[in-house]
Amino acid sequence: MSKKKINLSGIVYSTDPHFKPENEQTGEIDTISPAEQRLKIKLETKHRGGKTVTLIEGFVGKQVDKEELIKKLKNHCGTGGSAKDGELLIQGDQRVKIFQWLQKNGYINTKNFN
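Just so you know, we're using the working numbering here: the sequence shown kicks off at 143 and counts up by one.
So this is what it looks like as structure tokens:
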């Protein structure tokens, strides 16, 4: 599936070759501090062939920082995982380990949904 860009500015076409809409954001969202992150930890098996993954939602920031966090979590849990579509996935039921690691590293607004 292709992702379509939605034009909310109301401008359909411009003859100026150097035209850029004023409200267009060119960069990624800056990463907010760990204390301000509102992360949710869940266990999920949907659409994964019956395999269990620990899902971490709500991370706000750059893709580089997201990949760095997932790398640290994978090392701590000793398992695989990935960062896709704004979600962090860790293989297996690692909710307790992830919650404890996040609390220890400053992510104090983390909720563990059992």
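Note that the Cβ used here is the ideal one computed from N, Cα and C, for glycine as well. Just so it is clear, the structure is predicted and the values come from calculations on it, not from any experiment.
Exposed or buried, what is residue i when buried is set at 16 or more other beta-carbons lying within 10 Å of its beta-carbon?
| i | result |
| --- | --- |
| residue 225 | buried |
| residue 201 | buried |
| residue 245 | exposed |
| residue 252 | buried |
From this set, the options, which residue's C-alpha is nearest residue i's C-alpha?
| i | options | result |
| --- | --- | --- |
| residue 197 | 222, 203, 205, 159 | 222 |
| residue 194 | 249, 237, 243 | 237 |
| residue 211 | 192, 191, 232 | 232 |
| residue 248 | 159, 156, 177 | 177 |
| residue 199 | 155, 179, 220 | 179 |
| residue 214 | 234, 243, 203, 186 | 243 |
Please state whether the Cβ-Cβ distance between residue i and residue j is less than 8 Å.
| i | j | result |
| --- | --- | --- |
| residue 174 | residue 240 | no |
| residue 208 | residue 181 | no |
| residue 172 | residue 203 | yes |
Assuming the contact rule is C-beta atoms closer than 8 Å, residue i and residue j should be a hit. Round their C-beta distance to whole Å, please.
| i | j | result |
| --- | --- | --- |
| residue 235 | residue 185 | 6 Å |
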